[in-house]
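Colleague: I have a structure I would like to understand better, so I am pasting it below and will then ask my questions one at a time.
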Amino acid sequence: MGLDYQEIEKIINNETNAGGFAELIKNFKEIGVSHYEYRVAAGMYRYYDEDSSIDIQFNGIPKPVVPIESAEKIKQAVKRAQAGEITFEQFTELAGEAGIAYWATDIFKMVVNYYGIQGSLLLSEPISEV
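Just add 7 to the spot in the sequence shown (first one is 1) and you have this note's numbering.
Below, the structure is given as C-alpha cells:
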C-alpha cells in the first residue's frame, strides 16, 4: 500500500486542538496508518502501515525532556488535551516536563502508550471511538 505523505499532512493540518484526537485517529485508520510514534525531544513522528514507515516533522517542535518521569504529570496533560484546553505544542511541552521521551499510538488497539525517558511505560490511555 505505502504511506502517503500528503494524506497524512492533510489530516494533521485539519486537527485544530488536541481535543480532536479521536477524529484524527479515525482519519489515519481510513488511509491505512496502523500506528505511529511521536518523539518529544526530536519533535518527529514515525508513521507505520503494514509494509513501511515514514519519518515526518509536520507540526512537531522539539521540546526538552526532563530526566525525572512523572505518571501524574502526563495524566494531567492528557486530561487537559482531551478537554481541548491546550494546543498540540503545549501538550508536547507538558509531556517533556513529565519526562516523556515518546508516545506510541496503536490505531487498531485504540490505545496510546506514554514512555518515560528511562523507558518506563508511565501511562496507557484508551482512545475514544468517534
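C-beta atoms are modelled at their ideal positions from N, C-alpha and C, and glycine is treated no differently.
These numbers were taken from a predicted model, which means no experiment stands behind them.
#1: When the distance is taken between beta carbons, is Ser-41 closer than 9 Å to Glu-57?
#2: Just how far apart, CA to CA, sit Ala-90 and Ile-75?
#3: Going by DSSP, which residues form a beta bridge with Leu-128?
#4: Taking the alpha carbon of Lys-70 as the point to measure from, which residue in Tyr-109, Gly-39, Tyr-54, Phe-35 has its own alpha carbon closest?
#5: Which term fits Tyr-12, buried or exposed, when burial requires 16 or more other beta carbons within 10 angstroms of its beta carbon?
#6: Taking the beta carbon of Leu-130 as the centre, do at least 16 other beta carbons fall within 10 Å, making it buried, or is it exposed?
Modeller: On the basis of the data shown:
#1: Pairing Glu-57 with Ser-41 gives a Cβ-Cβ distance under 9 Å.
#2: Ala-90 and Ile-75 have their alpha carbons spaced roughly 26 Å apart.
#3: According to DSSP, which records beta bridges pairwise, Leu-128 is partnered with Tyr-122.
#4: A check of alpha carbon separations from Lys-70 across Tyr-109, Gly-39, Tyr-54, Phe-35 identifies Tyr-109 as the nearest.
#5: The residue is exposed, with fewer than 16 neighbouring Cβ atoms inside 10 Å.
#6: Buried, since its Cβ has 16 or more Cβ neighbours within 10 Å.
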